[in-house]
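Input: a single structure, listed below in structure tokens.
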Amino acid sequence: MKYKNRAAAPAHLLTKTELKQQRLKLAQHQRAAGYYWQGHTYVTLYEPGEAIPMRPHREATPEQLAALAAGRALVGTSPCADCGTRIDSQLLDRAGLCGDCARQAEQAEWEHERQAVCRCAAAWLQSAPLFLDTETTGLDASAEIIEIAILDATGAVLLDTLVKPLGPIQPEATAVNGITEQDVMHAPTWCDVGQQVAGIVADRLVIAHNADFDNRMMRQTCALHRLDVPTFKADCTMALLTDLNDGRWPNLRTAASLAGASLPTGPRHRARADAELCRQIVLALASRA
């Protein structure tokens, strides 16, 4: 018999799925007791009294229970791609590493980068480099040099002089380097100092910390005095150590700490002291190559 829907069919009649839920199965040659319309097809109904019981579930063996428990314990876990230890999948990093292995990998990568940095510093020393630092009237496009120091690789001072600027020293600059208008009142101008610098650095490797800034200040100061910019090759300890500082530009003191360099005595943010610290950074790195 056909029924227009499930509600119209006798409640005791069951589908195959409902029989299975009661641990029953169709008897051999058991016929349908009716059908009900489900919207797109008819569903067959059966008399549960004509069905036969299914075989009872077998009791799981201790081994099966242990395997099941072990399997459930693995749900939501994954093995570390390195050590193989299984942990919560959410605790693995993007490379599939557990915390300990990730830290070891990071340390190994840092050590590899450090070795590359040390080799680079050693290669610089092979070129008998010079070390340069400047102090300036400010940081903008009109700023100019008011102090410059150049040392060779042995620490010998080739130049260490104040420079009388054409423009005023900004208070912010004095707050950093301590150089005042009175300090530079009788200092030589860049017309004289610039020629000395050009003769010292000509075709040499010159290393500075934040070399781009020192080079820009030299170009700006030369332009103000209508002098040619000295020709030399520049390298930079700040750029060299950026990767070892988590991608951030290290200041001079941070760079010294990363390199294991000793801090020189003398005033901070003065050209000679900063050039010497730059030299110590390169020496410390090269000694570990």
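Here full-length UniProt numbering is used: the first residue of the sequence shown is 1, the next is one more, and so on. Yeah, the Cβ is synthetic: ideal placement off N, Cα and C, and Gly gets one too. Keep in mind the model is a prediction, meaning the values are calculated, not measured.
Straight through space, the alpha carbons of ILE146 and PRO188 are spaced by roughly 10 Å.
Going by DSSP, ARG86 is part of the beta strand (DSSP E) stretching over 86-88.
The secondary-structure analysis by DSSP pairs VAL43 across a beta bridge with TYR36. For a cut-off of 8 Å, the C-beta gap from PRO129 to ALA153 is around 6 Å, short enough to register as a contact.
In the three-state scheme derived from DSSP, where H, G and I count as helix and E and B as strand, ILE200 is classed as helix. Taking the Cα positions, ARG6 is about 38 Å away from ALA60. By alpha-carbon distance to PRO10, the top candidate from HIS29, ALA33, ARG23 is ALA33. According to the DSSP assignment, THR174 belongs to the alpha helix (DSSP H) that extends over 171-177.
In the displayed model, VAL75 falls within coil according to three-state DSSP, outside both helix and strand.
Restricted to the segment 240-266, the alpha helix (DSSP H) segments that are unbroken, complete and at least 4 residues in length are 252-259, listed in chain order. Measuring C-alpha to C-alpha distances from ARG253 to each of VAL176, LYS233, ILE207, ASP274 identifies ASP274 as the nearest. If you look at GLU106, you'll find it in the alpha helix (DSSP H) that goes 99-126.
It is roughly 8 Å from the alpha-carbon of LEU283 to the alpha-carbon of LEU125.
Around the beta carbon of THR41, fewer than 16 other beta carbons lie within 10 angstroms, which makes this residue exposed. DSSP, reduced to helix, strand and coil, places ALA275 within a helical segment of the structure shown. Using a Cβ distance threshold of 8 Å, ILE87 and CYS98 count as a contacting pair.
In the structure shown, LEU166 falls within a coil segment according to DSSP collapsed to helix, strand and coil. Separation of LEU159 and GLY199 (C-alpha to C-alpha, rounded to the nearest whole angstrom) is 11 Å. Scanning its chain for C-beta atoms nearer than 6 Å, with the 5 sequence neighbours on each side dropped, one finds around LEU241 the residues PRO250, ALA255, LEU258, in chain order.
Just measuring C-alpha positions, the residue of GLY194, ALA175, GLN170 sitting nearest THR161 is GLY194.
Secondary structure at THR180: coil, using DSSP grouped into helix, strand and coil.
Between the alpha carbons of LEU285 and ALA67 lies a distance of about 56 Å.
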